[in-house]
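Residue numbers (the UniProt record's numbering): 1 to 632.
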């Protein structure tokens, strides 16, 4: 057995000893009574009886250890031409002052606070200030629609809202305050007060009796100390879209989260305290929670908060500039960001303009990384490119190449192996394990490791029905794929993206892999549409590289041929079209399910997280040119 195999085997053989050892890296006000509490299985709890404060471990602990002058946070905002740095001491003091303002307004242990803010340092401070007081924060992506924000206000019933006058999306200034006002007006629950950070790019009016200027409120408040809470108490609620239209509030517990995340920084990402780590995500998503804010700071690293885009702020070399300027050693971003960069700069010419000598690894997650994108990044950057897989529910990776334990051989298309703590299986619809290289439902054997979600907010029954009932004893990931003979994980699609063509179960991800090998294709998506003869047929959408001037019909013909060569005629892939862009969420996930509903003439509602709803109209036109929806 290699070192990774030994670590992984121990994590499953002795989970209590394994995670208790990891927990020793933190400071606890009271040690736990039980590492793993199975008294309410299948609802497991980690570190019951323990008391801890996340903010103390993320900030105060490092200052007390003599590292207060180390840089904790770098704010890089090309959209406002701003770079600011905060040491651990400065960040601790700013967070304590903000926590004091919240405390003065009655916020305490267990109270909920909604944070509706852009990518600015105050947003990070807001999350940590809530954690300092033992309050439960719920970050809602800045600029989110008022109706969706109102749903979240009603679900978690916040005592207070922290917001800002505006956010900046590329070159566009988005006014937040009118959206917040409409959401509160619509919501049944009314927060007692709102603190509004007024940005110079756009001011806003304040509603008397409810709204206060952020800076004025903070300046007169004495700093607040950290309040230890139960390890099983919630740190935050993060809402993710539910199939019923009612958002699901993912609950993150305090103790397990504080243990798992710094462990992952060293063992998965191979980051040492003091090194500069950059997660190019948004704090509105789970990646931003885990790997912009909590994991780097708990581990004592320097984290980068980037208010910009991979392209357009100002060009497709933006990422390379940030890496060079700040000495980033590891970048974590979504494959869709690299597809956008590749589309604008297919030969990677902008990379050569920057000194990337300190850069040593790229991690990709958020959507399945096609092998072609991975190989392009590997070739252009000349560093390991690590695809890894996880979900909002899990809070940190399920499968990854654990670079801090042992770098395993890369298999393009796979996020490598299940990380320590995870026992992954692949099951058929009857719940039986399938043979290697056979597609089925990917599940995780219970109990899940620390840091994963213990439940949904005020929805225990929904938690059981959604995640635990289909395969008793297992967590249903909702993803389909297979394990190969070496235990490598291949996540091919969401379970509902496995299509049935004349009785053959096919993965849309496998077809996308073939299409992505075409040299003119920058990005693609495949959906299964209804067919009266074969049940379903795959339809492809191709986004071409910038500057490509070849006839689209030729490229489509060649792409169809590639699928026939690489997958075979069983795929029955005969229909594809070129589009300017694909509909995505703001985190970069392609909205395949919505595209499929358009093709099948089903009623659909644009997801609240969609980046630009107008794209759906373009997809509808593209489908019409292909003859969809079919005439009955």
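Here a beta-carbon is modelled for each residue, glycine too, at the ideal position from N, C-alpha and C.
- [ ] Specify the secondary structure class of residue 250 as computed by DSSP and reduced to three states.
- [x] Within the chain shown, numbered from 1, the residue matching residue 250 stands at position 250. Looking at residue 250 - three-state DSSP - the assignment turns out to be strand.
Open item on the list: Measuring alpha carbon to alpha carbon, tell me which residue in 260, 154 and 240 is nearest residue 448.
Closed with: As a first step, residue 448 must be located in the chain shown, where it is residue number 448. Taking only the C-alpha atoms, the option nearest residue 448 is 260.
- [ ] Pick out the complete alpha helix (DSSP H) segments inside the region 320 to 344, 4 residues or longer, and give them in chain order.
- [x] 335 to 344
Task: Limits of the unbroken beta strand (DSSP E) element including residue 635 - done: Not covered by the structure: residue 635. The range shown for the chain is 1 to 632.
Task: Counted within 10 angstroms of its Cβ, other Cβ atoms place residue 112 as buried (16 or more) or exposed - done: Working through the chain shown from its first residue, we reach residue 112 at position 112. Using a 10 angstroms sphere on the CB of residue 112, the tally of other CB atoms reaches 16 or more, which defines it as buried.
Task: residue 578 burial status per 10 Å Cβ neighbour count (16 or more: buried) - done: Within the chain shown, residue 578 is the residue found at index 578, counting from 1. Looking at its Cβ environment, which holds 16 or more other Cβ atoms inside 10 Å, residue 578 is buried.
Task: Range covered by the beta strand (DSSP E) that runs through residue 575 - done: Counted from its first residue, the chain shown places residue 575 at position 575. Unbroken beta strand (DSSP E) run through residue 575: 575 to 578.
Task: residue 84 in three-state terms, based on DSSP - done: Here residue 84 refers to the residue found at position 84 of the chain shown. If DSSP states are grouped into helix, strand and coil, residue 84 belongs with the strands.
Open item on the list: Is the beta carbon of residue 202 closer than 8 angstroms to that of residue 163?
Closed with: Counted from its first residue, the chain shown places residue 163 at position 163. Counted from its first residue, the chain shown places residue 202 at position 202. Cβ atoms of residue 163 and residue 202: not closer than 8 angstroms.
Task: Neighbourhood of residue 11 by C-beta distance below 6 angstroms, restricted to the same chain and skipping five residues each side - done: Taking the first residue of the chain shown as position 1, residue 11 is located at position 11. Cβ within range, chain order: 18, 420 and 421.
Task: Residues near residue 288 in its chain [Cβ-Cβ closer than 6 angstroms; skip 5 each side] - done: For the purposes of this step, residue 288 is taken as the residue at position 288 of the chain shown. Only 281 and 282 meet the Cβ criterion.
TODO: Kindly identify the DSSP beta-bridge partner or partners of residue 584.
DONE: Residue mapping note: residue 584 aligns to position 584 of the chain shown, counting from 1. DSSP output for residue 584 lists 590 as bridge partner(s).
Open item on the list: I want to know whether the region 119 to 127 touches the region 32 to 50 - three or more CB-CB distances under 8 angstroms.
Closed with: no
- [ ] Could you tell me the boundaries of the beta strand (DSSP E) in which residue 275 lies?
- [x] Start at 1 with the first residue of the chain shown, and residue 275 comes out as number 275. Run containing residue 275: none; DSSP gives neither H nor E here.
Open item on the list: Measuring CB atoms only, is the region 306 to 319 touching the region 340 to 358, in the sense that at least three cross pairs come out at less than 8 angstroms?
Closed with: Because the criterion of three Cβ pairs below 8 angstroms is met, the region 306 to 319 and the region 340 to 358 touch.
- [ ] Measure the Cβ-Cβ separation of residue 540 and residue 576 and say whether it is below 8 angstroms.
- [x] Mapped onto the chain shown, residue 540 falls at position 540. Mapped onto the chain shown, residue 576 falls at position 576. Yes, the Cβ-Cβ distance between residue 540 and residue 576 is below 8 angstroms.
- [ ] Look up residue 232 in the DSSP assignment and give the residues it is bridged to.
- [x] Locating residue 232 in the chain shown gives position 232, where the first residue counts as 1. Answer is none; residue 232 lacks a bridge partner.
Task: the region 315 to 333 touching the region 348 to 359, judged by at least three CB pairs closer than 8 angstroms - done: yes
- [ ] Compute the beta-carbon to beta-carbon distance between residue 187 and residue 52, rounded to the nearest angstrom, for a pair I have assumed lies under 8 angstroms.
- [x] Residue 187 sits at position 187 when you count from the first residue of the chain shown. Residue 52 sits at position 52 when you count from the first residue of the chain shown. 32 angstroms between Cβ atoms; not a contact.
- [ ] Spell out the partners DSSP gives residue 116 in its beta bridges.
- [x] Here residue 116 corresponds to residue number 116 of the chain shown, with the count starting at 1. DSSP output for residue 116 lists 163 as bridge partner(s).
Task: Given residue 618 as reference, the closest of 587, 334 and 582 once Cα atoms are compared - done: Start at 1 with the first residue of the chain shown, and residue 618 comes out as number 618. Closest option to residue 618, Cα to Cα, is 582.
Task: Simplified DSSP state of residue 432, which is helix, strand or coil - done: Reading the chain shown from its first residue, position 432 is the one you call residue 432. Collapsing the DSSP output to three states places residue 432 in coil.
- [ ] Starting from the N-terminal side, write out each stretch of the beta strand (DSSP E) that is 3 residues or longer and does not extend beyond the region 463 to 544.
- [x] 474 to 483, 489 to 494, 498 to 501, 504 to 507, 521 to 531 and 535 to 544
Open item on the list: Taking the alpha helix (DSSP H) that residue 36 belongs to, which residues open and close that run?
Closed with: Counting from one through the chain shown, the residue named residue 36 turns up at place 36. It is not in any alpha helix (DSSP H) - residue 36 instead sits in the beta strand (DSSP E) that spans 34 to 37.
TODO: Specify the secondary structure class of residue 137 as computed by DSSP and reduced to three states.
DONE: Numbered from its first residue, the chain shown carries residue 137 at position 137. The answer is strand: DSSP assigns residue 137 an E or B state.
TODO: Check the C-beta distance from residue 635 over to residue 218 and give it rounded, since I have them as a contact under 8 angstroms.
DONE: Residue 635 lies beyond the residue range present for the chain, which begins at 1 and ends at 632; the question has no answer from this structure.
- [ ] Look up residue 422 in the DSSP assignment and give the residues it is bridged to.
- [x] For the purposes of this step, residue 422 is taken as the residue at position 422 of the chain shown. DSSP lists no partner for residue 422.
TODO: Apply the 10 Å Cβ neighbour rule to residue 94 and answer buried if 16 or more other Cβ atoms are within range, or exposed otherwise.
DONE: For the purposes of this step, residue 94 is identified with residue 94 of the chain shown, where counting begins at 1. With 16 or more Cβ atoms within 10 Å of its Cβ, residue 94 is classed as buried.
Task: Beta-carbon gap between residue 388 and residue 359 smaller than 8 angstroms - done: One-based indexing of the chain shown puts residue 388 at position 388. One-based indexing of the chain shown puts residue 359 at position 359. Not closer than 8 angstroms, so no.
TODO: Please go through the same chain and pick out, in chain order, the residues whose beta-carbon is closer than 6 angstroms to the beta-carbon of residue 122, but skip the five residues on each side of it.
DONE: On the chain shown, residue 122 is found 122 positions in, with the first residue counted as 1. Excluding sequence neighbours, residue 122 sits near 197.
- [ ] Out of 209, 237, 328 and 262, state which residue places its alpha-carbon closest to the alpha-carbon of residue 25.
- [x] Residue numbering aside, residue 25 sits at position 25 when the chain shown is read from its first letter. When only C-alpha atoms are compared, the closest one is 262.
Open item on the list: Looking at the ligand MG, does it come within less than 7 angstroms of residue 597, judged from the CB to the closest heavy atom?
Closed with: The model on display carries no ligand, and the ligand MG is accordingly not part of it.
- [ ] In angstroms with no decimal places, state the Cα-to-Cα distance between residue 651 and residue 153.
- [x] Nothing can be reported for residue 651, as the shown portion of the chain is limited to 1 through 632.
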